[in-house]
Amino acid sequence: MMKPCGWLAWLCCASLVVAASSAPGLDYVKIKRNNRVRSVTGRLVVEAQDGGVLIEDQMGVLWAIQPQERISHDEDDLPFERFDVKQIQTRLLAELPAGFRVFTTAHYLVCYNTSTPYAQWCGALYERLYRGFFVFWKNRGWELEEPTTRLIAVVFDNQESYASYADEELGAAANVIIGYYSLQSNRVMMYDLTGVDGLGFGRSRASTAKHVNRILSQPAAERTVATIIHEATHQLAFNCGLQIRYADNPLWLSEGLAIYFETPDLKNSRGWRRIGSVSRVRLPEFRRYLQARPADSLLTLIADDSRFRHPIVRQRNEAYAEAWALNYFLIRRYPRAFVTYLKQLSSKRPLVQDGKEQRVAEFKAAFHGDLEKLDREFLRFMKRVK
Ligand SMILES: [Zn+2]
Numbered sequence: 037m038m039k040p041c042g043w044l045a046w047l048c049c050a051s052l053v054v055a056a057s058s059a060p061g062l063d064y065v066k067i068k069r070n071n072r073v074r075s076v077t078g079r080l081v082v083e084a085q086d087g088g089v090l091i092e093d094q095m096g097v098l099w100a101i102q103p104q105e106r107i108s109h110d111e112d113d114l115p116f117e118r119f120d121v122k123q124i125q126t127r128l129l130a131e132l133p134a135g136f137r138v139f140t141t142a143h144y145l146v147c148y149n150t151s152t153p154y155a156q157w158c159g160a161l162y163e164r165l166y167r168g169f170f171v172f173w174k175n176r177g178w179e180l181e182e183p184t185t186r187l188i189a190v191v192f193d194n195q196e197s198y199a200s201y202a203d204e205e206l207g208a209a210a211n212v213i214i215g216y217y218s219l220q221s222n223r224v225m226m227y228d229l230t231g232v233d234g235l236g237f238g239r240s241r242a243s244t245a246k247h248v249n250r251i252l253s254q255p256a257a258e259r260t261v262a263t264i265i266h267e268a269t270h271q272l273a274f275n276c277g278l279q280i281r282y283a284d285n286p287l288w289l290s291e292g293l294a295i296y297f298e299t300p301d302l303k304n305s306r307g308w309r310r311i312g313s314v315s316r317v318r319l320p321e322f323r324r325y326l327q328a329r330p331a332d333s334l335l336t337l338i339a340d341d342s343r344f345r346h347p348i349v350r351q352r353n354e355a356y357a358e359a360w361a362l363n364y365f366l367i368r369r370y371p372r373a374f375v376t377y378l379k380q381l382s383s384k385r386p387l388v389q390d391g392k393e394q395r396v397a398e399f400k401a402a403f404h405g406d407l408e409k410l411d412r413e414f415l416r417f418m419k420r421v422k
C-alpha cells in the first residue's frame with residue numbers, strides 16, 4: 037500500500053516571503069479558521085512580508101497564520117516556556133477522544149487507546165530508532181542535538197478512530213494515509229494496521245514478548261513496522277536540527293531518508309533492528325521503473341516535489357522508490373558530501389520556498405556538478421544492489 041506522507045500538506049503555506057524573525061517575548065494571536073475562533077499563545081518564529089506569521093505555542097505546535105485569518109495580535113515581554121511533560125500530558129488527554137492513556141519512555145510520550153502491550157512495543161521501537169538515529173549521524177561526522185522535550189506519538193487502535201481524529205488535518209486523505217508526521221503539531225499519528233488487538237489477544241494476560249510475536253506474525257506486520265519507523269524518522273529529523281519545520285525540504289530527501297531508515301526485520305524479536313537495509317518493497321518498484329525510466333528522471337526528482345503529488349498512484353510510488361534508491365546510493369557512495377548537503381539544507385529558514393533552479397544548483401554543487409554523469413553512476417550502483 038502506498039504511504040504518502042501527511043505532513044507534506046502543510047507545505048502549502050510556504051509561499052510566503054520572510055521579512056523578519058524571532059522576537060523575544062510572548063505573542064497572543066486570535067484567529068478564525070474553519071469558522072472557528074481560536075487563541076494562539078507562543079513565540080514568534082517568523083514574520084512574513086505579507087503579514088503572515090509562524091507562531092510556536094507551548095505544546096510545540098507551529099501555527100502558520102495567514103493575514104486574512106488574524107483577528108488580533110498582541111505581545112508582551114514575558115518569557116516563552118514550553119509546557120512540561122505533565123502539562124502536555126493533561127492537555128493531550130483532554131484533546132483526544134475518551135479512552136486514551138499515556139505512558140512515557142526516556143524520550144517519548146505515547147498516547148494510546150490500543151492494548152498496553154501494543155503501545156509498549158511501539159514505544160520500544162521508537163527508543164531503538166532514537167538510539168540508532170543519533171549514532172548513525174555521529175558515525176558520519178554530525179553530532180546532532182537531542183530534543184529538549186519528549187516527542188509525542190499518538191497510537192490509535194483502528195483505522196476508524198484514527199481517521200476521525202486525523203480528519204481535521206488530512207480531510208478525506210485520512211482514509212488512505214496510514215500514518216503521518218504532522219509538521220504542524222510535531223506529533224506522529226498512526227493506527228494498528230495488524231488489527232491484532234481486535235483478534236482478542238491484546239487484553240489477554242500474555243506477556244509483551246508473546247504479544248509482539250503475534251503482531252509480527254500478522255500479514256500487515258511489515259507495513260506496520262515500516263510505518264512506525266518511517267514516521268518517527270521524520271519526527272526525529274525535524275527535532276534535532278537535521279531538518280527545519282516549514283523550511284524548503286525537498287521531498288526526495290525527506291521521504292527517501294525515512295524509507296532508508298524504516299526497513300523492517302521481521303526475524304528480529306521487535307521487528308526492526310538496523311538502519312539502511314535494502315528496502316524489499318522499494319527495490320522491486322525501482323527495478324520495474326527502470327524498464328521505462330525517462331532520461332531526465334533524476335532532474336525531475338530533485339527539481340521539485342511534483343512527482344510525489346502526482347494524481348496517479350503508480351507515478352507516486354515510482355517517485356518514492358527512486359527517492360529511496362537515490363538516498364541509498366548517496367549515503368553509501370558519497371557519505372561526506374551527503375552530510376555536507378544536508379547541513380546546508382538545515383540552515384534554511386521557515387516559510388521560504390526555493391525555486392527549481394536553486395534546488396538543482398545546490399544538488400549539483402554538492403554532488404559532482406554533472407547530473408548526467410552522476411545518473412549513470414547511480415544506475416550502475418543500483419544494478420549491483422541485491
Ligand atoms: Zn514520509
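In the working numbering, the protein residues as written are 37 to 422.
By construction, the Cβ of each residue, glycine as well, lies at the ideal position given by its N, Cα and C atoms.
Is residue i close to chain C, meaning its C-beta is less than 8 Å from at least one C-beta of that chain?
i: Pro183; result: Of the protein chains in the structure, only one exists, and it is not chain C.
CB of residue i to nearest heavy atom of ligand 1: below 7 Å?
i: Ala268; result: no
i: Glu291; result: yes
i: Ala294; result: yes
Give me the Cβ distance between residue i and residue j, rounded to the nearest whole Å; I'm assuming they're in contact under 8 Å.
i: Glu111; j: Leu62; result: 7 Å
i: Tyr395; j: Ala339; result: Before going on, a small fix: residue 395 reads as Arg here, not Tyr. Right, their Cβ atoms sit about 6 Å apart.
i: Ala256; j: Leu229; result: 4 Å
i: Asn353; j: Glu398; result: In fact, because the Cβ distance is near 26 Å, the residues do not count as touching under 8 Å.
i: Arg369; j: Phe417; result: 6 Å
i: Phe365; j: Phe414; result: 5 Å
i: Leu362; j: Leu378; result: No, Leu362 and Leu378 are not in contact; Cβ-Cβ is about 13 Å, not under 8 Å.
i: Glu90; j: Pro386; result: Reading the sequence as shown, one finds Leu at residue 90 and not Glu. Between Pro386 and Leu90 the Cβ distance is about 6 Å, and since that is below 8 Å, they are a contact.
i: Glu182; j: Phe170; result: 7 Å
i: Met95; j: Arg127; result: 6 Å
i: Val224; j: Gln271; result: 5 Å
Can you list, in chain order, the residues of its chain whose CB lies under 7 Å from that of residue i, leaving out five sequence neighbours each side?
i: Ser382; result: Gly277, Leu278, Gln279, Ile280
i: Val97; result: Gln220, Ser221, Asn222
i: Phe116; result: Leu62, Gly78, Arg79
i: Lys384; result: Ile280, Ala283, Asp284
i: Trp288; result: Leu337, Ile338, Ala359, Leu362
i: Lys419; result: none
i: Asn211; result: Ala199
i: Leu407; result: Leu334, Leu335, Lys400
Could you tell me if residue i is buried or exposed, where buried requires 16 or more neighbouring beta carbons within 10 angstroms of its beta carbon?
i: Asn175; result: exposed
i: Gly135; result: exposed
i: Thr184; result: exposed
i: Asp113; result: exposed
i: Asp120; result: exposed
i: Asp93; result: buried
i: Leu206; result: buried
i: Gly307; result: buried
i: Val425; result: Here the chain has residues from 37 to 422 only, and residue 425 is not among them.
i: Glu393; result: exposed
i: Asn275; result: buried
i: Glu258; result: buried
i: Gly88; result: buried
i: Ser290; result: buried
i: Val349; result: exposed
i: Ile107; result: exposed
i: Glu83; result: buried
Beta-carbon within less than 6 Å of residue i's beta-carbon, same chain only, minus the 5 sequence neighbours each way: which residues are those?
i: Gly215; result: Met226, Thr263, Glu267
i: Trp360; result: Gly292, Ile295, Ser315, Arg318
i: Gly168; result: Ile311
i: Thr260; result: Leu229, Thr230
i: Arg74; result: Ile67
i: Pro133; result: none
i: His109; result: Val65
i: Gln156; result: Thr244
i: Arg309; result: Asp301
i: Phe374; result: Leu366, Ile367
i: Trp178; result: Val375
Given residue i, which residues of its chain have a CB within under 8 Å of its CB, disregarding the five upstream and five downstream residues?
i: Val410; result: Strictly speaking, residue 410 in this sequence is Leu, with Val absent from that position. Here the set comprises Leu334, Phe403, His404.
i: Tyr162; result: Thr141, His143, Tyr144, Val146, Leu187, Ala189, Ile264, Ala268
i: Lys422; result: Val314
i: Gln380; result: Glu398, Ala402
* **the stretch 194 to 202 in contact with the stretch 137 to 144 per 3-pair CB rule at 8 Å** => Using a Cβ-Cβ distance cut-off of 8 Å, the stretch 194 to 202 and the stretch 137 to 144 are not in contact, since fewer than three pairs of beta carbons, one from each stretch, lie closer than that value.
* Inspect the CB distances between the stretch 205 to 220 and the stretch 274 to 283 and report whether three or more fall short of 8 Å. => With three or more CB-CB distances shorter than 8 Å, the stretch 205 to 220 counts as touching the stretch 274 to 283.
* Asked: Three or more beta-carbon pairs under 8 Å between the stretch 94 to 110 and the stretch 146 to 160, yes or no?
  -> They do not touch, by the three-pair rule.
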